[in-house]
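Engineer:
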Amino acid sequence: MTEHISTRVNSHRLAAYIGRTVRLVGKTLKIQGDTAIVEASDGGQVEIRLPKDPPLTGTYNEIIGNVIDGSTVKMLMCIDLGSDLDMKLVDDMVELTHDPKFHEKMFT
Amino acid sequence: MSQYENNYYQNGGAGGGGFLTGGSPGSANGSPGGMGRKNEAQHSLRPVTVGQLRKATQAHTDAEWMIENDEIGQVTVVAQVMSIQVQTTNTVYWLDDGSGRIEARHWMDSSNPEDVEKWGGIVENTYVRVTGNLKTFGNKRYINAQHIRPSTNPHELYFHLGEAMVTNLMIERGMPPGPGQTAQQNGVVASGSGASAYTTQSRAQTSQFAGLPPLQRSIMEFLHSQPPNDEGVHVGAIARSVQGGDAAQISSALDALMDDGHVYTTLDDSHFQIST
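Order-wise, the sequence lines are chains A and B.
Per the UniProt record's numbering, the first sequence starts with residue 1, numbered consecutively.
Per the UniProt record's numbering, the second sequence starts with residue 1, numbered consecutively.
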């Protein structure tokens, strides 16, 4: 079942998840061809390798993808989270899911 | 040997009673009407992650589900719908909330147009909130969904994660201290065990009897501080320990406490015991 876990991350946690599937919430800054630059919930910029489908539609999207390196994610799918999102809340929750009090019991 | 048989017989009798109250087997299969169940947990609704549901355990196939050591009733998750399979009698939703995947099944009454409308708004690749009970079919775990609705505000997901974490902590450690009693029980008490334990106790009592007039309150606090004793406390001991009141005032204060049911007399009219 471990292959179905997609941990929620921000930009600075990407490096710990190289080769694995993650969920990264990003605000789209620009899209150029098949790459996009998004701002993660902790303010860091992440390069997203886009598939042909689906497109990044919202201002904010949850990107589910494989981590290539500490600043690049290959997107598998995305969920449109609209244009109004409290990124501070998102980042706090991302950090809490990695808290040892919760991580093992609830998010693995 | 005869004693053994006697015990055996009694146990058999108790076992019969257990069968009656132990819940009809039908209720485990999802039919309503487990009238014998007194379990409060069965009527509770706990926010959880899919990861917790995957790790939930069950002593045997009819037993209640447990997360860690805590029984669960209904659960609610917020998760992404990966796929929807509409079948003749039910719809299967594959849910993924990042901590794992689980199926949610909804048994549909397709002849009821209201039902179809209510359940029709779910599309793949969006977040939904699902409420239901954890079940198994064969070796597969699923949520028997009572309710599914689209989660249109993205903040609901993050609220849910926070709520699930808080719930987990409260079950593990108990309720957090209320405002004004911060950390009193947790940290400070460690220093000078006897004295500080006494301080916290009397402080707690002050609040417990805060509604009473001062003399009645100090009588109650004195009675409360006495070791438990069936005979109660003699009025003379009360008079000696309580400051600021003559015999008549103490006597009328005791009368008032008796009228309100806070204390009662034991051996005779001059021995008092606190009502619990």
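Positions of the beta carbon are idealized from the N, C-alpha and C atoms, including for glycine.
1. Applying the criterion that 16 or more other CB atoms from any shown protein chain within 10 Å of the CB defines a buried residue, is B:Arg173 buried or exposed?
2. Given this structure, state the Cα-to-Cα distance separating B:Ile143 from A:Ser6, to the nearest angstrom.
3. Which residues in chain A sit within 9 Å of B:Gly138, going by Cβ to Cβ distance?
4. What is the residue span of the alpha helix (DSSP H) that A:Val94 lies within?
5. Residues in its own chain within less than 8 Å of B:Thr126 by CB, not counting five upstream and five downstream?
6. What does B:Ala164 touch in chain A if you count any residue whose Cβ is under 8 Å from its own?
7. Answer yes or no: do A:Leu89 and A:Asn61 have a C-beta to C-beta separation smaller than 8 Å?
8. Quick one: give me the first and last residue of the beta strand (DSSP E) that B:Ile250 is part of.
9. Could you pull the start and end residues of the alpha helix (DSSP H) that A:Tyr60 belongs to?
10. Do A:Val46 and A:Gly26 come within 8 Å of each other at the CB atom, strictly closer than that value?
11. Go to A:Gly26, then tell me how far its beta strand (DSSP E) extends in each direction, as first and last residue.
12. What would DSSP say about A:Ser6, mapped onto helix, strand or coil?
13. Pull up the distance between the alpha-carbon of A:Leu96 and that of B:Leu223, whole angstroms please.
14. Find the residues of chain B that neighbour A:Met75, judging by a C-beta separation of less than 9 Å, and give them in chain order.
15. Please report how far the alpha carbon of B:Ser99 lies from the alpha carbon of B:Leu134, in whole angstroms.
16. I need the straight-line Cα distance from B:Glu68 to B:Arg54, nearest angstrom please.
17. Which residues in the same chain as A:Tyr17 place their Cβ atom closer than 7 Å to its Cβ, once the five residues preceding and following it in sequence are excluded?
18. Along the stretch 137 to 161 of chain B, what residues have a CB closer than 7 Å to any CB found in chain A?
19. In chain order, which alpha helix (DSSP H) runs of at least 4 residues are fully inside the UniProt domain "OB" (75 to 150) of chain B?
20. At a Cβ cut of 8 Å, what residues of the stretch 13 to 32 of chain A count as close to chain B, listed as they run along the chain?
21. Return the CA-CA distance between A:Asp84 and B:Gln146, expressed in angstroms with no decimal places.
22. Of all the CB atoms in chain B, is at least one closer than 8 Å to the CB of A:Met1?
23. Let me check understanding here. Comparing Cα to Cα, which of B:Asn168, B:Met220, B:Ile72, B:Asp96 lies closest to B:Ser275?
24. Less than 8 Å between the beta carbons of B:Thr49 and B:Val86, yes or no?
25. Quick check on this structure: which residue in B:Val242, B:Val235, B:Ile250, B:Tyr264 has the alpha carbon closest to the alpha carbon of B:Ser270?
26. Please check the pair A:Met106 and B:Gln74, which I expect to be a contact at CB under 8 Å, by giving their CB distance rounded to whole angstroms.
27. Specify, as a first and last residue, the run of the beta strand (DSSP E) that A:Lys74 falls within.
28. Just confirm the distance between the C-beta atoms of B:Thr266 and B:Glu231, as a whole number of angstroms; I'd bet it's less than 8 Å.
29. For A:Met87, which residues in chain C fall below 8 Å Cβ to Cβ?
30. Straight-line CA distance for A:Ile63 to A:Asp34?
31. Mark B:Glu103 as exposed unless 16 or more other C-beta atoms lie within 10 angstroms of its C-beta, in which case mark it buried.
32. Between the alpha carbons of B:Glu64 and B:Gly138, how many angstroms are there, rounded?
33. If I'm right that B:Leu215 touches B:Ala253 with Cβ under 8 Å, what's the distance once you round it to whole angstroms?
34. Per DSSP, which one or two residues make a beta bridge with B:Glu71?
35. Helix, strand or coil for B:Leu45 per DSSP?
36. For B:Gln74, decide whether its Cβ has a neighbour in chain A, counting only Cβ atoms nearer than 8 Å.
Structural biologist: Reading from the atomic positions:
1. Sequence index remark: in the second sequence, residue 173 of chain B carries index 173 (1-based). Answer is exposed; the Cβ neighbour count stays below 16.
2. The count along the second sequence starts at 1 and reaches residue 143 of chain B at position 143. The count along the first sequence starts at 1 and reaches residue 6 of chain A at position 6. CA-CA distance, B:Ile143 to A:Ser6, rounds to 20 Å.
3. One-based indexing of the second sequence puts residue 138 of chain B at position 138. None at all; the shortest Cβ gap to chain A is about 16 Å.
4. Here the question's residue 94 of chain A lines up with position 94 in the first sequence. First-last of the alpha helix (DSSP H) with A:Val94: 87 to 97.
5. Locating residue 126 of chain B in the second sequence gives position 126, where the first residue counts as 1. So the qualifying residues of the chain are Gln80, Val81, Pro150, Ser151.
6. In the second sequence, counting from the first residue as 1, residue 164 of chain B sits at position 164. Chain A residues near B:Ala164: Met106.
7. Here residue 89 of chain A refers to the residue found at position 89 of the first sequence. Here residue 61 of chain A refers to the residue found at position 61 of the first sequence. No, the Cβ-Cβ distance between A:Leu89 and A:Asn61 is not below 8 Å.
8. As a position in the second sequence, residue 250 of chain B is number 250, starting the count at 1. Where B:Ile250 is concerned, there is no enclosing beta strand (DSSP E), although the alpha helix (DSSP H) it sits in stretches over 247 to 259.
9. For the purposes of this step, residue 60 of chain A is taken as the residue at position 60 of the first sequence. Taken as a continuous stretch (DSSP letters only), A:Tyr60 belongs to no alpha helix (DSSP H), being part of the beta strand (DSSP E) at 60 to 69.
10. To locate residue 26 of chain A, count along the first sequence from 1; it is residue 26. To locate residue 46 of chain A, count along the first sequence from 1; it is residue 46. Their beta carbons are under 8 Å apart, which means A:Gly26 touches A:Val46 by this criterion.
11. Within the first sequence, residue 26 of chain A is the residue found at index 26, counting from 1. First-last of the beta strand (DSSP E) with A:Gly26: 21 to 32.
12. Mapped onto the first sequence, residue 6 of chain A falls at position 6. It is coil, neither helix nor strand.
13. Your numbering for residue 96 of chain A matches position 96 in the first sequence. Your numbering for residue 223 of chain B matches position 223 in the second sequence. Distance between the alpha carbons of A:Leu96 and B:Leu223: 48 Å.
14. Here residue 75 of chain A refers to the residue found at position 75 of the first sequence. Here the premise fails: no neighbours, minimum Cβ distance about 13 Å.
15. Position 99 of the second sequence holds residue 99 of chain B. Position 134 of the second sequence holds residue 134 of chain B. Distance between the alpha carbons of B:Ser99 and B:Leu134: 16 Å.
16. One-based indexing of the second sequence puts residue 68 of chain B at position 68. One-based indexing of the second sequence puts residue 54 of chain B at position 54. Between the alpha carbons of B:Glu68 and B:Arg54 lies a distance of about 11 Å.
17. Within the first sequence, numbered from 1, the residue matching residue 17 of chain A stands at position 17. Only Thr7, Val9, Val67 meet the Cβ criterion.
18. Pro154, His155, Tyr158, Leu161
19. 113 to 119
20. Arg23
21. Counting from 1 along the first sequence, the entry for residue 84 of chain A is found at position 84. Counting from 1 along the second sequence, the entry for residue 146 of chain B is found at position 146. Near 30 Å, if we compare the C-alpha coordinates of B:Gln146 and A:Asp84.
22. Locating residue 1 of chain A in the first sequence gives position 1, counting from the first residue. Low confidence applies here, because A:Met1 scores a pLDDT of 46, under 50, leaving its location unreliable; read the following figure in that light. Closer than 8 Å: yes.
23. In the second sequence, counting from the first residue as 1, residue 275 of chain B sits at position 275. Cα-wise, what sits closest to B:Ser275 is B:Met220.
24. To locate residue 49 of chain B, count along the second sequence from 1; it is residue 49. To locate residue 86 of chain B, count along the second sequence from 1; it is residue 86. Result no, Cβ atoms of B:Thr49 and B:Val86 do not sit closer than 8 Å.
25. Counted from its first residue, the second sequence places residue 270 of chain B at position 270. Of the candidates B:Val242, B:Val235, B:Ile250, B:Tyr264, the one whose C-alpha sits nearest the C-alpha of B:Ser270 is B:Val235.
26. Translated into the one-based positions of the first sequence, residue 106 of chain A becomes position 106. Translated into the one-based positions of the second sequence, residue 74 of chain B becomes position 74. Wrong, their Cβ atoms sit about 18 Å apart, outside the cutoff.
27. Numbered from 1 along the first sequence, position 74 holds the residue referred to as residue 74 of chain A. Note, A:Lys74: beta strand (DSSP E), 72 to 80.
28. Taking the second sequence and counting its residues from 1, the one referred to as residue 266 of chain B is at position 266. Taking the second sequence and counting its residues from 1, the one referred to as residue 231 of chain B is at position 231. So it is a contact: roughly 6 Å between Cβ atoms.
29. The structure shown contains no chain C; the protein chains it does contain are A and B.
30. Indexing the first sequence from 1 puts residue 63 of chain A at position 63. Indexing the first sequence from 1 puts residue 34 of chain A at position 34. Roughly 15 Å between the two C-alpha positions.
31. As a working mapping, residue 103 of chain B is identified with position 103 in the second sequence. Its Cβ being crowded by 16 or more others within 10 Å, B:Glu103 is buried.
32. One-based indexing of the second sequence puts residue 64 of chain B at position 64. One-based indexing of the second sequence puts residue 138 of chain B at position 138. Looking at the two C-alpha atoms, the distance is approximately 17 Å.
33. Taking the first residue of the second sequence as 1, we reach residue 215 of chain B at position 215. Taking the first residue of the second sequence as 1, we reach residue 253 of chain B at position 253. Correct: roughly 5 Å between the Cβ atoms.
34. Here residue 71 of chain B is taken as the residue at index 71 of the second sequence, counted from 1. B:Met66, per the DSSP bridge assignment.
35. Here residue 45 of chain B refers to the residue found at position 45 of the second sequence. If DSSP states are grouped into helix, strand and coil, B:Leu45 belongs with the strands.
36. Taking the first residue of the second sequence as position 1, residue 74 of chain B is located at position 74. Taking Cβ atoms only, chain A never reaches closer than 8 Å to B:Gln74, which makes this a no.
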